[in-house]
Every structure is written in C-alpha cells, then in structure tokens.
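Taking the numbering used here, the leading residue of the sequence shown gets 460, the next gets one more, and so forth.
In this text, a Cβ means the ideal position worked out from N, Cα and C, and glycines have one as well.
Just so it is clear, the structure is predicted and the values come from calculations on it, not from any experiment.
Everything on this sheet refers to the single structure shown next.
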Amino acid sequence: MSDVIHPIRRVLVANRGAVAARVIRTLRRMGIASVAVYSQADAGLPYVGAADQAVCIGPAPAAQSYLNQARLLEVARECGADAVHPGYGFLSENADFAEAVQKQGLCFIGPSPHWIRTLGHKTQARAFMADQGMPQAASSAVLHGVPQAQAEAARIGYPVLVKPAGGGGGIGMLPARDAQELQAAWAQASGIATKFFGTAELYLEKLIEAPRHIEFQVLADRHGEVRVLFERDCSVQRRHQKVVEEARPEGIPADVLADMRLLLAGLLSRIGYDVIGTVEMLYTPQGGFVFLEMNTRLQVEHAVTEEITGVDIVEAQIRLAAGERMRDVLPAVPLASGHAVEARIYAEDPVRFLPSPGRLDRFELPSGEGIRVETGYAEGCSVTPFYDPMVAKIVARGGDRAQAIARLRLALAETRIEGVRTNIAFIDRILGHADFLQQRIDTGIARRVLDNL
C-alpha cells in the first residue's frame, strides 16, 4: 500500500445538524477549513454559522438537498474542497457517492467504496463475514414473497425477525412468531424498506430472545493495521432504535470481550478493511456473540467511546482516510478508564413516540463536571418534520457506572426544552429502573419500562 498522504486543507461536510457541528469542531481544531451545506429548512441552524463557508444546496426534502449527489459534488468542486466528510445517515454508507467523490480527485473520509458496498447490503455482509469465521445466528438469503419466507422460517425455526436487506438502523425490522404473523410482518416491512432504502428486499434472521446489543468501535489505516477501541452497550432501544448507550458494557466476562476484540482486529486486518467502522453483535450468556451487521461510518454514539478513551474519533477518521499510519494516529495499546452513558433526546410524543416538530421556544441544555452535549439546535430554531427528530445527545462521564448514571440523571433534570414534546421523562425512567441499575439489561428493557408506567 502507498505511503502517499492526501493533503486535506478544506473539507465539505455533507450532512447537517449535530454531526455537522461535531465534524466542524474537530476540523477547526485541526486547522482545516470547513464548508457546510444546508437545505432551505436548515438555514438558521448553528452549524451553518460555525463553518468557514456555507452553501445552500436545495429545498427541505432530503432527496432534493442532502441526498442530491450531483449538487454536493458541484459544491465540493466550486469551493475547492480536498475531501468530503459524510457524517452519519444520508450518504455516509452510499458506495456510489464515495466512488464519485474519489473520481473527482477528492478524499472520501470513510472506508473505501469496496467495503461500503460489500458490507452495506445486509445479506451479502452476513455471507461475507460468515466466510471470515464470524459467529452468526441462522438466517436466510434475500427472499421473494411470503410462501418462500414461510418455508425458510420453518427451516430456521420460529420466532424469526423480518429484516430489510438494503439498510439498517432498526428500520423495518419486525418479529414473527408464526406463519400468520410472518405474512403481516412481510407486507409491512416491504413497504417500509421501499420507502427508506429504495428496495423491498427482505430476509429472515432467527430472533434471539433477550440479547444484549454490543458494538465494537473499529479504526483502521490503509496499511493493514487495525485498532478496536473497546465496546459499547446499545441494548436500550425503542422499536429497534437506540435510546441510551454506554461504554463499556459491564456484566460480560472480560476475557470474552477481549477475545472478540482480538478476533475482529485480526479479521479486519486480514481483509484490508480501512478507516472506520462499527461491528454490531448480539450477546447472550448461553450463546455468546453472534454477528448482526457492520456499519461503515461514524456512529451516532461515538461520543461515549471518546469519553472513556480520550481519542477524538473524528480526527482519527480524517487522518486515516488521508493515508496516515495507525502508529502516528493512535497509541499502540488503547486504554479505557471510567464509564460514560449517553441519552438521545428526541422531539417526540413521549407516549406514542411520534415526532413532535415545532419551534424551540426554550432550549437550555446542561453543563458541568463530566457532562458533554452534542446538538444541532439553539433556542429559537425549529425542529422540522423533514429529518430525524433527535435534538441533542447528552453524555455523562464518571469514575464508575453509578456516578455516570447519577450525573446523567441530574443533567436531564436540568434540561429545559419548551415548544416541542420530548422523551426526557421516558429516558429518566429507564435510567432509574431497577433492571437498568442492576445490569439486568437486554433489548427488551425499554418495553418493560413502558409496560410498568
């Protein structure tokens, strides 16, 4: 592999809101100029003013702005960018976009298009990782219609999970415990998959009861060296959407976690994976780890890993994408200390969990020892119905888990948001629930909290 480093002096941030603000902050610290893009609906958001340059790229609908590849590439060319950072969501895992960026002579700040393409399609990724020796639950290939799905479900054994092959994020995942439920789930998941991912392709996976959702943060250079920056527990989910994340997971044997880190580092180094990624897995004490998927991008919840390691993951992503060697970017032996917990604050109805767009008439976020806030909004801004309704991520760090949780609950109590409804009270109930405090955690914990209201 080449030792040539791609010089990066100006970066187009092809995203919006909190992640755009997060990337711009690191670029400024690194002395790299930033170019923000914004839709007409986002013209007043803080990240637009924080960038060195900002360009409107179109109307509010994402298809006409943040997903408009031609317009983004045009702006990158006109502003003289050396690189494009895709953030998370939108085009961050679009191999065609990454390829187009590179063909324009720019650095795509993410994995090579080959890896985005190989690992972006869920059934292809599962088959590829199975060939590499990754443990997996029983599953199917892409299926065509309910009869074929019912036959495969009989082979796998109920209960099963219907999953879109073209995307992730928990969108369109539906359980089925018998053939009748499978028929209804298939129809619903097909419509959701078409809407969000542009393809109705579905497959089945054995539904693992009461697992923990554990993910491993990966950084890799383009010279074959890989670092696994420990683990995050993302088990607290509502409709397969993460709500609370923490690092590091407690209650899983240290040697089991260490063995998985070692396996992943060796596997990803052997295949030549590069830059950044997250391996998501399900864990049960009886069955151990099974592979779920790999996200070829920066994760929403990367901040909890940064808090326990002191590593700026965005800076590492930029430097690795530019061609720097791992030894110059990260220590040979990453260390972790303390504990961090993150809450995702959404503008949503706290009972029905439907988006609650509106003007942020009051928007006071917490501060203090061990508290970190990531947001794309300020008081007076509007949360529109066009995009994800997350308004902030509040992260608390402590010397141990109990201190981190206590700090996060205090921070939530100090948060004042008016004009939209939020899920803050729901999150606080989770953080104070006996199962969460005593580490009886699995992906059903949020459901149990709701059932006890």
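Residues in the same chain with beta-carbon distance under 8 Å from CYS538, minus the five sequence neighbours each way, listed in chain order, please.
Position 79 of the sequence shown, counted from the first residue, corresponds to residue 538. Excluding positions up to five away in sequence, the list reads ARG469, LEU471, VAL494, GLN512 and VAL514.
Might you give, ordered along the chain, the residues of its own chain that have their beta carbon closer than 6 Å to the beta carbon of ALA600, omitting 5 neighbours on each side?
Locating residue 600 in the sequence shown gives position 141, counting from the first residue. Cβ within range, chain order: THR582.
In DSSP terms, what VAL810 is bridged to
As a first step, residue 810 is located in the sequence shown; it is residue number 351 there, counting from the start. Beta-bridge pairing links VAL810 to no other residue.
Reference GLU913; option with closest CA among TYR617, GLY736 and LEU661:
Because the chain here runs from 460 to 912, residue 913 falls outside it and cannot be looked at.
CB-CB length for GLU801 against GLU760, believed under 8 Å:
Within the sequence shown, residue 801 is the residue found at index 342, counting from 1. Within the sequence shown, residue 760 is the residue found at index 301, counting from 1. With a beta-carbon spacing of about 6 Å, GLU801 and GLU760 fall inside the 8 Å limit used to define contacts.
Could you say which of ALA479, ALA905, GLY710 and ILE804 lies nearest to PRO744 if we only look at CA atoms?
Working through the sequence shown from its first residue, we reach residue 744 at position 285. With distances taken between Cα atoms, PRO744 lies closest to GLY710.
Does the Cβ of ASN911 have 16 or more other Cβ atoms within 10 Å, making it buried, or fewer, making it exposed?
The residue labelled residue 911 in the question sits at position 452 within the sequence shown. Exposed.
Every unbroken alpha helix (DSSP H) within the stretch 650-724, with a cutoff of 4 residues, ordered by chain:
none
Would you identify the three-state DSSP class for PRO606, choosing helix, strand or coil?
Locating residue 606 in the sequence shown gives position 147, where the first residue counts as 1. Helix, per DSSP.
Select from ALA624, ARG856, ALA554 and TYR506 the residue whose C-alpha is nearest the C-alpha of ALA586.
Start at 1 with the first residue of the sequence shown, and residue 586 comes out as number 127. Minimum Cα distance to ALA586 is reached at ALA624.
Looking at the unbroken alpha helix (DSSP H) that takes in PHE750, where does it start and where does it end?
Residue mapping note: residue 750 aligns to position 291 of the sequence shown, counting from 1. Per DSSP, PHE750 belongs to no alpha helix (DSSP H); it is in the beta strand (DSSP E), 747-754.
In the structure shown, what three-state DSSP assignment does SER551 receive?
Your numbering for residue 551 matches position 92 in the sequence shown. Reduced to three states, the DSSP call for SER551 is coil.
Can you tell me which of LEU779, ARG818, ARG784 and GLU828 puts its alpha carbon nearest to the alpha carbon of ALA799?
Sequence index remark: in the sequence shown, residue 799 carries index 340 (1-based). ALA799 has its Cα closest to that of GLU828, out of LEU779, ARG818, ARG784 and GLU828.
Which residue wins for smallest C-alpha separation from VAL605, given the options ILE615, TRP645, LYS622 and ALA635?
Translated into positions along the sequence shown, residue 605 becomes position 146. Here the closest residue by C-alpha is TRP645.
Under 6 Å Cβ to Cβ from HIS699, same chain only, skipping five residues before and after it: list those, please.
Residue numbering aside, residue 699 sits at position 240 when the sequence shown is read from its first letter. Around HIS699: GLY629 and MET632.
Please determine, among ILE667, ARG576 and ALA652, the residue with the shortest C-alpha to C-alpha distance to MET556.
What you label residue 556 is simply residue 97 of the sequence shown in a count that begins at 1. Reading off the sequence shown, one finds Phe at residue 556, where the question assumed Met. Out of ILE667, ARG576 and ALA652, ARG576 has the C-alpha closest to the C-alpha of PHE556.
Taking all protein chains shown into account, do 16 or more other C-beta atoms lie within 10 angstroms of the C-beta of ILE777, making it buried, or fewer, making it exposed?
Numbered from its first residue, the sequence shown carries residue 777 at position 318. It counts as buried.
Exposed unless 16 or more other CB atoms sit within 10 angstroms - verdict on GLY548
Position 89 of the sequence shown, counting from 1, holds the residue named residue 548. It is buried - the Cβ of GLY548 has at least 16 other Cβ atoms within 10 Å.
Run through DSSP, which three-state label would SER815 get?
Sequence index remark: in the sequence shown, residue 815 carries index 356 (1-based). Coil at SER815, not helix or strand.
Within 10 Å of its beta-carbon, does SER524 have 16 or more other beta-carbons around it, so buried, or fewer, so exposed?
On the sequence shown, residue 524 is found 65 positions in, with the first residue counted as 1. Per the 10 Å Cβ criterion, buried.
What did DSSP end up calling TYR742 once you bin it into helix, strand or coil?
Numbered from 1 along the sequence shown, position 283 holds the residue referred to as residue 742. The answer is strand: DSSP assigns TYR742 an E or B state.
Given that a residue counts as buried once 16 or more other Cβ atoms are within 10 Å of its Cβ, and exposed if not, what is LEU813?
Against the sequence shown, residue 813 aligns to sequence position 354. LEU813 comes out exposed.
From GLU552, HIS580, SER551 and ASP541, residue whose alpha carbon lies closest to that of LYS562:
Numbered from its first residue, the sequence shown carries residue 562 at position 103. With distances taken between Cα atoms, LYS562 lies closest to ASP541.
Give me whichever residues DSSP pairs with LEU471 in a beta bridge.
For the purposes of this step, residue 471 is taken as residue 12 along the sequence shown, with counting starting at 1. Answer is VAL494 and VAL543.
Do you know offhand how far ALA613's Cα is from LEU890's?
By one-based count along the sequence shown, residue 613 stands at place 154. By one-based count along the sequence shown, residue 890 stands at place 431. So the two alpha carbons sit approximately 39 Å from each other.
Strand pairing of ARG856, partner residues [DSSP]:
Reading the sequence shown from its first residue, position 397 is the one you call residue 856. DSSP, once it has assigned bridges, lists ALA799 as partnering ARG856.
Three-state secondary structure assigned by DSSP to CYS840
Stepping through the sequence shown from its first residue, residue 840 is reached at position 381. Residue state, collapsed to three classes: coil.
Alpha helix (DSSP H) containing VAL534: first to last residue?
As a working note, residue 534 is residue 75 in the sequence shown. Segment 528-538, the alpha helix (DSSP H) holding VAL534.
Per DSSP, what are the beta-bridge partners of PHE822 in this structure?
By one-based count along the sequence shown, residue 822 stands at place 363. In the DSSP output, where bridge partners are listed per residue, PHE822 has ILE876.
How about VAL482 and HIS544: are their beta carbons less than 8 Å apart?
Against the sequence shown, residue 482 aligns to sequence position 23. Against the sequence shown, residue 544 aligns to sequence position 85. In this structure, VAL482 lies near HIS544, with their beta-carbon atoms less than 8 Å apart.
To the nearest angstrom, report how far apart LEU789 and VAL685 are at their CA atoms.
By 1-based counting over the sequence shown, the position of residue 789 is 330. By 1-based counting over the sequence shown, the position of residue 685 is 226. LEU789 and VAL685: Cα-Cα distance of roughly 10 Å.
What is the C-beta distance between THR843 and ALA500, in whole angstroms, given that I count them as a contact (C-beta under 8 Å)?
Sequence index remark: in the sequence shown, residue 843 carries index 384 (1-based). Sequence index remark: in the sequence shown, residue 500 carries index 41 (1-based). That pair is a contact at about 5 Å.
Answer yes if the stretch 719-730 comes into contact with the stretch 675-685, meaning at least three C-beta pairs across the two stretches below 8 Å, and no otherwise.
Touching, yes, given that three or more Cβ pairs across the two stretches are closer than 8 Å.
So which of ASN553, ARG475, ALA554 and GLY546 has the shortest CA-CA distance to GLY517?
In the sequence shown, residue 517 corresponds to position 58, counting from 1. Nearest option by C-alpha distance: ARG475.
For ALA795, which residues in the same chain have their Cβ closer than 7 Å to its Cβ, ignoring the five residues on either side in sequence?
Locating residue 795 in the sequence shown gives position 336, where the first residue counts as 1. Cβ within range, chain order: PHE689, ARG707, ILE767 and THR768.
Given a cut-off of 8 Å, decide if GLY835 and GLY878 are closer than it, judged by their beta-carbon atoms.
On the sequence shown, residue 878 is found 419 positions in, with the first residue counted as 1. On the sequence shown, residue 835 is found 376 positions in, with the first residue counted as 1. No; because the gap between Cβ atoms is not below 8 Å, this pair is not in contact.
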